[in-house]
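Throughout the sequence shown, residue numbering follows the working numbering, covering 223 to 520 in sequence.
To start, the structure under review is shown below, and the notes come after it.
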Amino acid sequence: MAEEKKSRLYALKPLIERWPAITKPEGHVPFRTKMFWTILCLVIYYILTNVMIFGLKSNVIDLFEQYRFIMAGSSGSIMHLGIGPIVTASIILQLFVGAKIINLDLTKTEDKAIYQGTQKILVVVMIIVEAIPQIFGYLQPTDALVEAVGGGLADTIIVVQLFVGALLVFFMDELISKWGIGSGISLFIAAGVSRAIFTGTFNWLPVKDSDIPAGAIPGVYYLVSHMSLGELVDRGYQTILLGNAQFSNAIVPLLGTLLIFFVVVYAESSRVELPLAHGRVRGARGRYPIRLIYASNI
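Put into structure tokens, the structure is as follows:
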């Protein structure tokens, strides 16, 4: 029988073998160790989301700022890209393998190792591909930095910071997958969403060009305490419930978020149990639970 032709990705095998990676645990990892690495990566992630890009203009406009937390990103910080490059690389490679454009059988150990190694290389490529266009869009360097080092080097400094931040997310994802609990991608998405919900609910700092606190609860308290009864009856209740240009985190969005949260939790935990009967053993019955929703991160 003729030997099956291997994928061209095997040409990357020497590079994959030398590629930096997190060492796999040799045996069972204790629960305390898993908790330690998971919490450590989570703390580092939160710290990095507050490390702003050096040399970036303060009046940067990010059109996707409100949606960046979905990809575990933080606008204007070195976590600007979040898990975007990881997800993009994973989707591209899965589509190519699923469509048989890349000849890899993931049931084979050797092919799976090549697939995982290629995905790591593709993640780095996607970090560069996603970081460079940022400087041509909205991440502009300050005039002081441009005057000091020049326009080209100033843009390079911003790209390098984006690259380092996304690379740290990639390594932390791998660390959690091997030494922690669950998936790093899921953890960072949950962390980004939780951070957005918490700040949107309890942030007492005012928004730009306004004295109203940005958080829903402090904002509602401020409006109620600074409006007369006539103002509340006239237009104030609409502002409290629906918000306006100066106050977006109103009561209705908060209640909508809570409603969606409980609906998703209920749907995800729902099971449909199919009755089973054994053909050879009379009276032997059982149930096979099927989840209502099979969903995870992208």
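Even glycine gets a Cβ: it sits at the ideal position worked out from N, Cα and C.
Just so you know, these numbers come straight off a predicted model, no measurement behind them.
For the beta strand (DSSP E) that residue i lies in, which residues bound it at each end?
{"i": "residue 368", "result": "Premise fails: residue 368 lies in the alpha helix (DSSP H), 365–371, not in any beta strand (DSSP E)."}
{"i": "residue 513", "result": "507–513"}
{"i": "residue 494", "result": "493–499"}
Taking residue i as the reference, give the member of the options with the closest Cα.
{"i": "residue 289", "options": "443, 326, 418 and 390", "result": "418"}
{"i": "residue 357", "options": "410, 308, 275 and 441", "result": "275"}
{"i": "residue 258", "options": "345, 400 and 301", "result": "400"}
{"i": "residue 227", "options": "402, 333 and 460", "result": "333"}
{"i": "residue 252", "options": "403, 475 and 460", "result": "403"}
{"i": "residue 496", "options": "278, 514, 479 and 394", "result": "514"}
{"i": "residue 300", "options": "397, 475 and 391", "result": "391"}
{"i": "residue 396", "options": "464, 247 and 466", "result": "247"}
Near residue i, which residues of its chain fall below 8 Å by C-beta distance, leaving aside the five closest residues on each side in sequence?
{"i": "residue 265", "result": "none"}
{"i": "residue 293", "result": "303, 304, 305, 306, 309, 411 and 414"}
{"i": "residue 428", "result": "434, 435 and 436"}
{"i": "residue 371", "result": "379"}
{"i": "residue 278", "result": "298, 361, 362, 363, 364 and 380"}
Let me know if residue i comes out buried or exposed under the rule of 16 or more other beta-carbons within 10 Å of its beta-carbon.
{"i": "residue 410", "result": "buried"}
{"i": "residue 245", "result": "exposed"}
{"i": "residue 511", "result": "exposed"}
{"i": "residue 224", "result": "With a pLDDT of 46 at residue 224, under the threshold of 50, the modelled position of that residue is not reliable, and the figure given next carries that caveat. Exposed, since its Cβ has fewer than 16 Cβ neighbours within 10 Å."}
{"i": "residue 237", "result": "exposed"}
{"i": "residue 516", "result": "exposed"}
{"i": "residue 335", "result": "exposed"}
{"i": "residue 377", "result": "buried"}
{"i": "residue 489", "result": "exposed"}
{"i": "residue 520", "result": "Any answer about residue 520 is weak, because its pLDDT of 44 lies below 50 and its placement is not dependable; what the coordinates show is given next. So residue 520 counts as exposed."}
{"i": "residue 329", "result": "exposed"}
Using a Cβ-Cβ cut-off of 6 Å (strictly less than) and excluding sequence neighbours within five positions of residue i, which residues of its own chain qualify?
{"i": "residue 349", "result": "307, 385 and 388"}
{"i": "residue 296", "result": "271"}
{"i": "residue 458", "result": "449"}
{"i": "residue 507", "result": "499"}
{"i": "residue 368", "result": "376"}
Give a yes or no on whether 8 Å exceeds the smallest Cβ distance from residue i to chain C.
{"i": "residue 290", "result": "No chain C appears in the structure shown, which is made up of a single protein chain."}
What are the start and end residues of the alpha helix (DSSP H) that includes residue i?
{"i": "residue 439", "result": "438–448"}
{"i": "residue 328", "result": "Counting along the chain, residue 328 falls outside any alpha helix (DSSP H), and DSSP gives it neither H nor E."}
{"i": "residue 306", "result": "306–320"}
{"i": "residue 406", "result": "406–424"}
{"i": "residue 259", "result": "253–270"}
{"i": "residue 459", "result": "459–464"}
> Does the segment 377–389 come close enough to the segment 440–458 that 3 or more CB-CB pairs lie under 8 Å?
Replying inline: no
> Contact between the segment 434–441 and the segment 466–484: three or more CB pairs below 8 Å?
Replying inline: yes
> Are three or more beta carbon pairs between the segment 333–344 and the segment 310–321 nearer than 8 Å?
Replying inline: yes
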